[in-house]
Amino acid sequence: MVLSRPPREVLGPLRNHLLVPASVALLAGLGGIAFGLARDDIVTALGALLFLPSAVLLFGIVAKRHVAGSFTSSGDRTS
Numbered sequence: 803m804v805l806s807r808p809p810r811e812v813l814g815p816l817r818n819h820l821l822v823p824a825s826v827a828l829l830a831g832l833g834g835i836a837f838g839l840a841r842d843d844i845v846t847a848l849g850a851l852l853f854l855p856s857a858v859l860l861f862g863i864v865a866k867r868h869v870a871g872s873f874t875s876s877g878d879r880t881s
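Going by the numbering used here, the first residue of the sequence shown is number 803, and it counts up by one from there.
As structure tokens, then:
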């Protein structure tokens, strides 16, 4: 038996504004690596690798906010 999630729970993380820069960093990193390898330019490929940790961190922040947001409402957050 497969349990389906409510639409609000599934679409919640997709509304986060940090997904845009995370996606751009991921695409820039992967595109730069592919471009560098296709052109036999190791410096470009290695330089593009620097975008990947930023993308991972941003996606991690989105995931952490989503998990924390499921336990507290937005008005009840404390520093």
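Positions of the beta carbon are idealized from the N, C-alpha and C atoms, including for glycine.
Can you tell me which of 818, 817, 823 puts its alpha carbon nearest to the alpha carbon of residue 857? 823
Sequence-distant residues of its chain with Cβ nearer than 7 Å to residue 846 (five each side left out): 834, 837, 838
Could you tell me if residue 831 is buried or exposed, where buried requires 16 or more neighbouring beta carbons within 10 angstroms of its beta carbon? buried
How about residue 818 and residue 869: are their beta carbons less than 7 Å apart? no
How is the alpha helix (DSSP H) around residue 839 delimited, first residue to last? 821-840
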